[in-house]
Structures are given as C-alpha cells and as structure tokens.
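For what it's worth, our numbering labels the leading residue of the sequence shown as 3, then goes sequentially. Where a beta carbon is used, it is the ideal one built from N, C-alpha and C, also for glycine. Since the model is a prediction, treat every value here as computed from it, not as a measurement.
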Amino acid sequence: MIVSANVMSGGYTQNYHMQYTGLQHFWNTNEVAFKNWLHHRGILKPTKQTYINVLVGFFKDNDVYRPNDFRTLKLKDKESRGLCNLFNYREDKEINILAGHPLEKWRRFVKIPI
C-alpha cells in the first residue's frame, strides 16, 4: 500500500510517498524462520503442518495492512490459530510491532473461536 501526502512546511509544499507493507510481506520474508520456530514448539506435527498450510493459503489470497482489516474477513478456526502462532513467533523474537502496528492490536482483531 502506498500512501501519498502533501505536507506544508515553511511555505513550501512537499509530497511524501510512504510504502506500508502488510502481513503478506512479513509472511513472505519470515516463512522459513516461522516454520523453524514452529518445529520446536510443543505442538503435534500434523497440527503444525495444518497451521503452515492454512497460512500459505491465507496469504496467497489476502493481504492485510491494518489490524481492523480483519473485520471484513471471516477467519476459520485454523486460520485464527495459525495467525495467533505467527504473532507468538514475533513476540518470542521480542519484537512487538508487526507491519507498523502493535501486536496487541493485531490480537484484538484475530480471535480464536471457543
């Protein structure tokens, strides 16, 4: 997503172009590291593979730039769980920002069904 803005400063107008990357970009650059991280988690092997397959399919069809973009998406149980594991991966790396937004905000919009 590219955002353009005209900013007035000292009587001059400057045009800024900022590019925001979404979760898809994060997934594309971290897929292998996430798989390695997930491999060492105490989760059954078939469940791990399900999470990976679901995330691959999700990011093939969707790119989410802001946490509230999830309002328009109907997530299935495994998609929610896979995304929550992706957030956990980020948190384990002690990085609390994902695609320019705090992890708490992402978690607020991705709920695991009870």
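Closest by C-alpha distance to residue i, when choosing among the options
i	options	result
Tyr91	Phe36, Phe28, Thr23	Phe36
Asp65	Leu40, Leu85, Asp94, Asp79	Leu85
Lys113	Leu100, Phe89, Trp39	Phe89
Phe60	His103, Glu106, Ala101, Leu25	Leu25
Leu57	Ser82, Pro115, Arg68	Ser82
Asp1	Gly102, Tyr53, Asp94	There is no way to answer for residue 1, as the model of the chain reaches only from 3 to 116.
Asp63	Leu77, Lys50, Leu105	Leu77
Asp94	Thr23, Lys50, His42	His42
Thr23	Phe111, Gln51, His103	His103
Neighbour-count burial assignment, residue i, 16 or more Cβ in a 10 Å radius
i	result
Asn98	exposed
Trp108	buried
Pro48	exposed
Pro135	Here the chain comprises residues numbered 3 to 116, so residue 135 is not present and cannot be evaluated.
Leu46	exposed
Ala87	Before going further, note that residue 87 is Asn rather than Ala in the sequence given. Classification for Asn87: buried.
Met20	Low per-residue confidence applies at Met20: pLDDT is 45, beneath 50, and the placement is therefore not dependable, though the value from the model is reported in the following sentence. Label assigned to Met20: exposed.
Ala7	Residue confidence is low: Ala7 scores 44 on pLDDT, short of 50, so the model does not pin down where it sits. Its coordinate-derived value is still stated next. Exposed, since its Cβ has fewer than 16 Cβ neighbours within 10 Å.
Any 3 or more C-beta pairs closer than 8 Å across the stretch 27-36 and the stretch 73-80: no
What runs of the beta strand (DSSP E), each 3 residues or longer, lie entirely inside the stretch 37-104? none
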